[in-house]
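Read the structure below first, then the notes.
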Amino acid sequence: MRKNTAVLAGALLLALGVAAGLYLALRTLPRKNVERDFLTYVEGLSETGQLVLVQGRERLTVRETAKGQLFGDTTLGDLLRIRSDAVVELSAWAELSWAVDLDDPDRWSVRLNRRDRVLYVATPPLRTRTPALRTETLEARVLDRSIFLDERRMIESVRAALTVRFEEIARKTSEEPSVRDRAASSLSAIALAFCRKFDLPVDRAEVVFGLEE
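At position 213 of the sequence shown the residue is numbered 203 (the working numbering), and the sequence of numbers has no breaks.
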């Protein structure tokens, strides 16, 4: 009788141990599963391999010192030692968007902290996508002008490099705190929606941009 009781007690303990192990396994949910499911979720929100987090419209301004055209010739001013250069300012409204890459899953990190009910999401760097310039809003003016210049030709020479210069300026906006805060809020909202869909015990999502390869 005692032997049977011991066997039953051992079987009960074994069953409880298996149940406890299963409970802990389900409770902790392997990190890779959460990460995989989250990346699959956000990939479904994108058609371009990038997850766009913020969109906006901003006026971009470019200033360049341009060589003036003295009577149609740039060398004449040099020979006569007459300053004919000036600062040209070009500005235009542009449609901007900021995104993070989805191409390489290894550059993402997703952690679920069940005890604190937090989902931690770290992503590749936040990037500014190529701006869509509203050319009809382009304005040009010459600053610090010289009377010995052809303003029209000067403006045209600067305008030729307009797209590249505006892209350089637009790229820097991804470092602005206001843009990064908006992007973090957007990704946090996406993460919380993911947690609700998969019934994960999360009250908040914390986002960090900047994981490099």
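Yeah, the Cβ is synthetic: ideal placement off N, Cα and C, and Gly gets one too.
- Inclusion of arginine 155 and valine 52 in the CB contact set at 8 Å is warranted, their separation being smaller than that value.
- Here threonine 118 is buried. Its C-beta has 16 or more other C-beta atoms within 10 Å.
- Of all C-beta pairs linking the region 36 to 48 to the region 83 to 99, three or more are shorter than 8 Å, placing the two stretches in contact.
- Sequence-distant Cβ neighbours of valine 24 in its own chain, meaning closer than 6 Å and more than five residues away, are Val100, Leu102.
- Serine 168 and threonine 30 have their alpha carbons spaced roughly 28 Å apart.
- For aspartate 91, the enclosing beta strand (DSSP E) starts and ends at 76 to 91.
- The three-state reading of DSSP puts serine 176 in helix, counting H, G and I together.
- Residues Leu41, Leu92, Ile180 of the same chain have their beta carbon placed closer than 7 Å to that of valine 32, with the five preceding and five following residues left out of the count.
- Residue nearest to proline 114 within the set Val198, Arg104, Ala122, Glu48 is Val198 (criterion: CA-CA distance).
- A direct Cα-Cα distance of roughly 34 Å separates alanine 173 from arginine 131.
- For serine 99, the uninterrupted beta strand (DSSP E) segment begins and ends at 99 to 103.
- Of the residues Arg49, Ser36, Gly39, the one whose Cα lies closest to the Cα of threonine 163 is Arg49.
- One alpha carbon belongs to threonine 38, the other to threonine 120, and they sit about 13 Å apart.
- According to the DSSP assignment, glutamate 126 belongs to no beta strand (DSSP E), since it is labelled neither H nor E.
- Glycine 200 and valine 111 have their C-alpha atoms spaced approximately 11 Å apart.
- From the listed residues Leu190, Pro95, Ala84, the smallest Cα separation to glutamate 157 is found for Ala84.
- For glutamate 196, the uninterrupted beta strand (DSSP E) segment begins and ends at 194 to 199.
- In summary, leucine 109 is buried, with 16 or more beta-carbon neighbours lying within 10 Å of its beta-carbon over all protein chains present.
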